[in-house]
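Following: one structure in structure tokens, then a few remarks.
Residue numbers (our numbering), protein chains in the order written: chain A, 879 to 1030; chain B, 59 to 430.
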């Protein structure tokens, strides 16, 4: 199995990841707050399925199948003709459709700046805050073991 | 063999209603919510996802509620559900080197880059019942250190690797890895097939076998080189996009076991490895898997194979608790015709042999007297 090339992530890869990992409720709130939304049609209606999660022996060796993860995908097309794609963890059709529309809007100059500011930034900040807190709580349990020499 | 029986509809329906009532329990007690299960029984959720072989916290919580907390039954429910979903593809292998660490310990090196992070662990608790939890506990909030943990913690096995003292793991798949959910297992099984089988195998079975080999039934006495737990990103490469995107994040536990190896004609003395990886936070399972991965490599390493934990057919054929509980519990199904035929056989055998029923009766009473 060849490793995919580790290239610098494009902006689109980054926002797709932010949307995929977003808290479903927070995304829905931000979505509902958006005033000016284009109309769209479903090219591929939201569908829930699975992907087989793979791992490597020792973290680096032989690839093996660990187990599956639930995933929902959707593809839409905006009135402008731009299409948007979403693959999001879990089984929320709503989240997948919203993410696909946002993916298209982020590619559309008419909306991209606003979506970055009103959706992507707040999602990123929420995740960052949660991660940072978890990391610092873990760091607070760092232990210094020392061994004692006994006898002479 | 069992023969289908008909009827019993009303009784079955009533039994299921009774089951539902028992599941709900005393109605004066508030009903459990899935959020409560996901948050407060999170390790049950983790186990159900790992052995149910489907990472979805909501579904695992639902399965636990439906199964009245019977974890193996919940695993069965999740396994059954996963067969109804289409598979969109495979992920890029998760990179545990980039894990967002919540726990990371090593029993082989005291001081290692990134440090030993205890995280949320039962290890140093006293295992005394905490009666304050019998009431609402008002759990304190954990304190935060000023700095985050190291972003990419080096693996302990890599530290040994630098000196060439441990065997190298080689990325050697020439084709798609074997999938035990799509193909039936054949022996000898490849390492990738063994690892998948163990990853979804029953925790209790794996634990007991790992214990057996530590006690001498196969002589695997390893070191826990490293155990880490935390979140890893999951990436896929959708066909229509052609580039990788991160589609989510999962919690996993990884265990790198390090074993001494005396060497052979072609390999110098070195350390060998056993690897465990499970969904969720489950060290007991990850460690047992690491021990068994290594013990199942006995043949490949030229060691004697004489214990159950080294016998891949024995281990891999009996690790699935859905299959195991199905086969054991199928004995509850009506076997009336089967049993009738055996009754006829046993009666015929007795008639044919020298024993008459009278004879046996008197023998029995003599035995009872002797025993008294």
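Built from N, CA and C at the ideal position, the CB exists for glycine as well.
Practice task
Please name the residue, chosen from B:388, B:304 and B:267, that lies closest to residue 343 of chain B on a Cα-to-Cα basis.
Solution key: B:267
- Message: At the 9 Å Cβ level, is residue 945 of chain A part of the contact set with chain B, yes or no?
- Response: yes
*asked:* So with CB distances below 7 Å, who are the chain A contacts of residue 111 of chain B?
replied: 945 and 946
| request: Answer yes or no: does any C-beta atom of chain A fall closer than 9 Å to that of residue 105 of chain B? | output: no
key: Own chain, CB closer than 8 Å to residue 940 of chain A, minus 5 neighbours either side, in chain order   = 934
Looking at chain A, is there any beta carbon in it that lies within less than 9 Å of the beta carbon of residue 333 of chain B? yes
Worksheet item: Using the rule of at least 16 other Cβ atoms within 10 Å of the residue's Cβ for burial, across every protein chain shown, is residue 242 of chain B buried or exposed?
Response: exposed
Item to complete: Please check the pair residue 1040 of chain A and residue 207 of chain B, which I expect to be a contact at CB under 8 Å, by giving their CB distance rounded to whole angstroms.
Response: Since the displayed chain A opens at 879 and closes at 1030, residue 1040 of chain A lies outside it and no answer follows.
- Query: Name the chain A residues whose beta carbon is nearer than 8 Å to that of residue 271 of chain B?
  - Reply: Within chain A, no residue comes near residue 271 of chain B; the closest Cβ sits about 19 Å away, beyond 8 Å.
Beta strand (DSSP E) segment containing residue 910 of chain A, residue limits = Here residue 910 of chain A belongs to no beta strand (DSSP E); instead the alpha helix (DSSP H) covers 902-911.
Who are the Cβ neighbours of residue 117 of chain B in its own chain at under 7 Å, not counting the five residues just before and after it?
136 and 139
Quick check on the burial criterion: 16 or more other C-beta atoms within 10 angstroms. Buried or exposed for residue 168 of chain B? exposed
message = Among the candidates A:937, A:1010 and A:1026, whose CA atom is the shortest distance from the CA of residue 204 of chain B?
response = A:1010
**Prompt:** Where does the unbroken beta strand (DSSP E) through residue 244 of chain B begin, and where does it stop?
**Reply:** Element bounds for residue 244 of chain B: n/a, residue is neither H nor E.
> According to DSSP, is residue 303 of chain B helix, strand or coil?
Replying inline: strand
>> Using C-beta distances below 8 Å, list every residue in its chain close to residue 30 of chain B, excluding the 5 sequence neighbours before and after it, in chain order.
In response: Any answer about residue 30 of chain B is impossible in this case: the structure gives chain B only from 59 up to 430.
**OP:** Select from A:892, A:953, A:966 and A:1021 the residue whose C-alpha is nearest the C-alpha of residue 161 of chain B.
**Re:** A:1021
- Item | Selection from B:368, B:347 and B:219 that minimises the alpha carbon distance to residue 356 of chain B | B:368
Q.
Is residue 101 of chain B close to chain A? Criterion is C-beta to C-beta, closer than 9 Å.
A. no
**Q.** Other residues of its chain near residue 264 of chain B: CB distance less than 8 Å, five sequence neighbours each side excluded
**A.** 256, 343, 346, 347, 350 and 377
query: Would you call the region 73-93 of chain B and the region 911-924 of chain A in contact, with 3 or more CB pairs under 8 Å?
result: no
### Residues near residue 279 of chain B by beta carbon distance below 7 Å, same chain, minus five either side
272
*asked:* What does the alpha-carbon distance come out to for the pair residue 178 of chain B and residue 254 of chain B?
replied: 27 Å
Would you say the region 922-931 of chain A touches the region 222-231 of chain B, given that touching needs at least three Cβ pairs under 8 Å? no
Practice item. Just mark residue 363 of chain B as buried or exposed, buried being the case when its beta carbon has 16 or more other beta carbons within 10 Å. Key: exposed
Residue 391 of chain B - DSSP class collapsed to helix/strand/coil
coil
Of the residues B:98, B:227 and B:282, the one placed nearest residue 194 of chain B, counting alpha carbons only: B:98
Whole-angstrom C-beta distance between residue 284 of chain B and residue 164 of chain B, which should lie under 8 Å: 5 Å
> Can residue 954 of chain A and residue 971 of chain A be called in contact, C-beta distance under 9 Å?
Replying inline: no
On the CB-based measure, 16 or more other CB atoms within 10 Å of its CB, does residue 79 of chain B come out buried or exposed?
exposed
Report task. State yes or no: is the beta carbon of residue 81 of chain B nearer than 9 Å to at least one beta carbon in chain A? Result -> no
- [ ] Measure the alpha-carbon distance for residue 157 of chain B versus residue 300 of chain B and round it to whole angstroms.
- [x] 25 Å
* Return the chain-ordered list of same chain residues with a C-beta closer than 6 Å to the C-beta of residue 174 of chain B, the five sequence neighbours on each side being excluded. => 163
- prompt: Quick one: does the C-beta of residue 941 of chain A sit closer than 8 Å to a heavy atom of the ligand SAM?
  reply: This structure lacks the ligand SAM, and indeed carries no ligand of any kind.
> Between the Cα of residue 1015 of chain A and the Cα atoms of B:201, B:144, B:294 and B:115, which residue gives the shortest distance?
Replying inline: B:201
- Query: alpha helix (DSSP H) containing residue 372 of chain B: first to last residue?
  - Reply: 370-375
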